[in-house]
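In short: position in the sequence shown from 1, add 43, done, that's my numbering.
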Amino acid sequence: MTNRTLAARDLAHIAIFAALIAALGLPGALSIGAVAVPITFQTLGVMLAGAILGARKGFFAVALFLALAAAGLPLLSGGRGGLLWFTISPSTGYLYGWLLAAVVIGYLTARLLPRYPFWPAVGATALGGIVAVYLIGVPVTAINLGLPLWVALFDSAKFLPGDLLKVVVTVLVARQVHRAYPGLIAPLGRRSASSAAPVAVNAEPANAKPANAENAG
Numbered sequence: 044m045t046n047r048t049l050a051a052r053d054l055a056h057i058a059i060f061a062a063l064i065a066a067l068g069l070p071g072a073l074s075i076g077a078v079a080v081p082i083t084f085q086t087l088g089v090m091l092a093g094a095i096l097g098a099r100k101g102f103f104a105v106a107l108f109l110a111l112a113a114a115g116l117p118l119l120s121g122g123r124g125g126l127l128w129f130t131i132s133p134s135t136g137y138l139y140g141w142l143l144a145a146v147v148i149g150y151l152t153a154r155l156l157p158r159y160p161f162w163p164a165v166g167a168t169a170l171g172g173i174v175a176v177y178l179i180g181v182p183v184t185a186i187n188l189g190l191p192l193w194v195a196l197f198d199s200a201k202f203l204p205g206d207l208l209k210v211v212v213t214v215l216v217a218r219q220v221h222r223a224y225p226g227l228i229a230p231l232g233r234r235s236a237s238s239a240a241p242v243a244v245n246a247e248p249a250n251a252k253p254a255n256a257e258n259a260g
């Protein structure tokens with residue numbers, strides 16, 4: 044394949060997963076608890092982007108989706124869009140956390156391939172899709188709403204059951220995809236087999252004397 048073909052394929056993957064994240068917002072959002080950060084299926088799309096496309100393409104897929112939403116397209120769950128949701132909204136930090144999630148999941152997935160064992164994959168996806176997102180989302184929510192950090196952290200517990208389910212779904216789907224299309228993410232952390240040149244065992248030393256050489260008298 045040419046570089047142009049590879050670039051076109053990468054762009055297609057990025058566009059497809061940006062569209063998938065947008066489509067997962069169609070069912071809408073559910074707000075529970077004191078803090079108005081909605082529960083959305085779009086986090087599943089972010090996890091899938093990282094686990095299937097890898098860190099680089101997953102990041103660009105999420106970035107493309109967020110850029111379109113920031114430009115005003117109603118792509119966020121519940122038909123929301125515009126810069127407001129990326130500045131002073133309670134959801135602001137979680138949206139930026141999606142970018143980190145795709146990178147972390149993609150990188151760790153590449154470390155697990157080609158085997159991609161279930162439980163390590165669950166741990167890797169949870170680290171990126173839950174811990175990384177909350178790491179940015181919770182403090183920004185506390186800042187934007189003027190809440191103590193512990194209140195925002197306690198309220199984020201409402202996301203955990205659904206997010207854990209999304210992690211499992213992501214791993215199950217990604218396992219099937221990587222079995223069918225093993226070249227989507229290049230595995231990392233595997234040492235390539237050494238290709239040292241064979242040693243010539245029959246070569247004679249340069250200073251060796253011929254067997255039948257006679258001593259000069």
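Built from N, CA and C at the ideal position, the CB exists for glycine as well.
For Arg154, the secondary structure class from DSSP, reduced to helix, strand or coil, is helix.
Secondary structure note for Lys201: it is in no alpha helix (DSSP H), with a DSSP letter that is neither H nor E. Taken atom to atom, the span from the alpha-carbon of Ile57 to that of Phe197 is near 34 Å. The beta carbon of Gly205 lies closer than 7 Å to those of Ile82 in the same chain, with the five residues before and after it left out. Here the alpha carbon of Lys100 sits roughly 18 Å from the alpha carbon of Ala167. Ranked by Cα distance from Met90, the options Arg123, Pro191, Ser120 and Leu151 are led by Leu151. Here the region 154-163 makes no contact with the region 108-128; the two share fewer than three CB pairs at distances below 8 Å. A contact between stretches requires three or more CB pairs, one per stretch, nearer than 8 Å, and the region 212-229 fails this requirement with the region 183-201. Beta bridge pairing from DSSP links Leu119 with Arg123.
Contact holds between the region 177-185 and the region 128-142, because three or more Cβ pairs, one in each stretch, are under 8 Å apart. Burial of Pro133 is indicated by the presence of at least 16 other C-beta atoms within 10 angstroms of its C-beta.
Of the residues Gly149, Leu63 and Gly189, the one whose Cα lies closest to the Cα of Leu227 is Gly149. Ala229 sits in coil when the DSSP states are folded into three classes, being neither helix nor strand. When C-alpha distances from Phe202 are compared across Ala50, Ile173 and Arg52, the shortest belongs to Ile173.
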